[in-house]
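Q: Here it is, the structure, as structure tokens.
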Amino acid sequence: MFSTRWSPKMQARLAGIFYLYIVVAGVFAEAFVRGPLVNYSDASATAANILGSESLYRIGLTAEILMMSADIAVAAIFYILFKSVDRTWSLIGMLLRLATVAVAGVKAILLLTPLVLLSSAPYLAAFDIEQLQALSLASIKLHGRAYDVALIAFGLDCLVIGGLIIRSTFLPRLIGIGIVIAGICYLVNSLTNLLALPFAGSLFPFIMLPCLVSELALAVWLTCVGLNAEKWGDGLSVTRGA
4 MFSTRWSPKM QARLAGIFYL YIVVAGVFAE AFVRGPLVNY SDASATAANI
54 LGSESLYRIG LTAEILMMSA DIAVAAIFYI LFKSVDRTWS LIGMLLRLAT
104 VAVAGVKAIL LLTPLVLLSS APYLAAFDIE QLQALSLASI KLHGRAYDVA
154 LIAFGLDCLV IGGLIIRSTF LPRLIGIGIV IAGICYLVNS LTNLLALPFA
204 GSLFPFIMLP CLVSELALAV WLTCVGLNAE KWGDGLSVTR GA
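Numbering-wise (the working numbering), the sequence shown opens with residue 4 and increments by one.
In structure tokens:
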């Protein structure tokens, strides 16, 4: 129903709006929420920061939860749009993005954990305050590792979607190349975080810059321009003819 009532250009623009939200919300949650609130070497300071800015912390958490809904929408729309290029790879791309969302659900729970542990609920009296603070920081650190796992699936998705953009004629190939580079950067960053953490510090945050630029370029292009509907239709005709 969605794919027949909405034109391809409108679908692309809707995907762009969702994608733009994902990029902006992701940067906001990382740079303006966890950045100033979380001290990864001081559990007590982190707990004090979260309790002192609980509303900000909850806004950041809510933004990340809404990102999951936006990711599901983008996954569905991208499948509809790119199946005219290659139905199999378009399906693989959608499944990889949905796998990312599944792991994102786990990491959202890990971000929610400090709010539970620091709530001063009566049943938490069995723990010392230092233990609760340490567990809160540990859950945030585990969120980071879960993020690395999610970005492995997302990095692979970027390789697939970037390849489909390059093969298509209805979106700029330069953006597709950028998305492929972003996928490589995501994979390198996540794998070094999981396998060689001391080395990862020399890569971050510089290795994430191509990801931000490429994804923002794709989101803005889709939102403002959409796609070349005529060339998209030509690709669909070829696919049906095959």
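Here a beta-carbon is modelled for each residue, glycine too, at the ideal position from N, C-alpha and C.
1. Would you identify the three-state DSSP class for Leu219, choosing helix, strand or coil?
2. What did DSSP end up calling Asn196 once you bin it into helix, strand or coil?
3. Please report the distance separating the alpha-carbon of Tyr150 from that of Ile182.
4. Using the rule of at least 16 other Cβ atoms within 10 Å of the residue's Cβ for burial, across every protein chain shown, is Ala199 buried or exposed?
5. With a CB to CB cut of under 6 angstroms and the five nearest residues on each side skipped, what residues in its chain are close to Gly63?
6. What would DSSP say about Tyr60, mapped onto helix, strand or coil?
7. Among residues of its own chain, excluding the 5 on either side of Leu115, which ones have a beta-carbon nearer than 8 angstroms to its beta-carbon?
8. Using a Cβ-Cβ cut-off of 6 angstroms (strictly less than) and excluding sequence neighbours within five positions of Asn42, which residues of its own chain qualify?
9. Roughly how many angstroms separate the alpha carbons of Phe5 and Leu221, rounded to a whole number?
10. Give me the residue from Ala102, Ile155 and Ile83 with the minimum Cα distance to Ser10.
11. Give the DSSP-derived three-state secondary structure of Thr103 in the structure shown.
12. Return the CA-CA distance between Ile169 and Lys110, expressed in angstroms with no decimal places.
13. Just the Cα atoms here: how many angstroms apart are Asp45 and Thr172?
14. What is the rounded straight-line gap between the Cα of Ser87 and the Cα of Met13?
15. For Phe85, tell me which candidate among Phe21, Leu167 and Ser58 has the shortest Cα-Cα distance.
16. When the Cα atoms are used, what is the spatial distance from Leu215 to Val26?
17. Compare the C-alpha of Tyr189 against each of Gly179, Ile180, Ile210 and Phe202 and name the closest.
18. Counting Cβ pairs, one atom from each stretch, are 3 or more of them under 8 angstroms apart for the stretch 116 to 124 and the stretch 93 to 105?
19. Can you grab the Cα-Cα spacing for the pair Asn192 / Asn231, in whole Å?
A: In short:
1. helix
2. helix
3. 19 angstroms
4. Under this definition Ala199 is an exposed residue.
5. Ala32 and Val36
6. helix
7. Leu64
8. Ala48 and Thr49
9. Reliability of the predicted coordinates at Phe5 is poor, the pLDDT of 49 falling under 50, and the value obtained from them is presented with this limitation in mind. Cα to Cα, Phe5 sits roughly 22 angstroms from Leu221.
10. Ile83
11. It is helical.
12. 32 angstroms
13. Looking at the two C-alpha atoms, the distance is approximately 51 angstroms.
14. 16 angstroms
15. Phe85 has its Cα closest to that of Leu167, out of Phe21, Leu167 and Ser58.
16. 8 angstroms
17. Ile210
18. no
19. 34 angstroms
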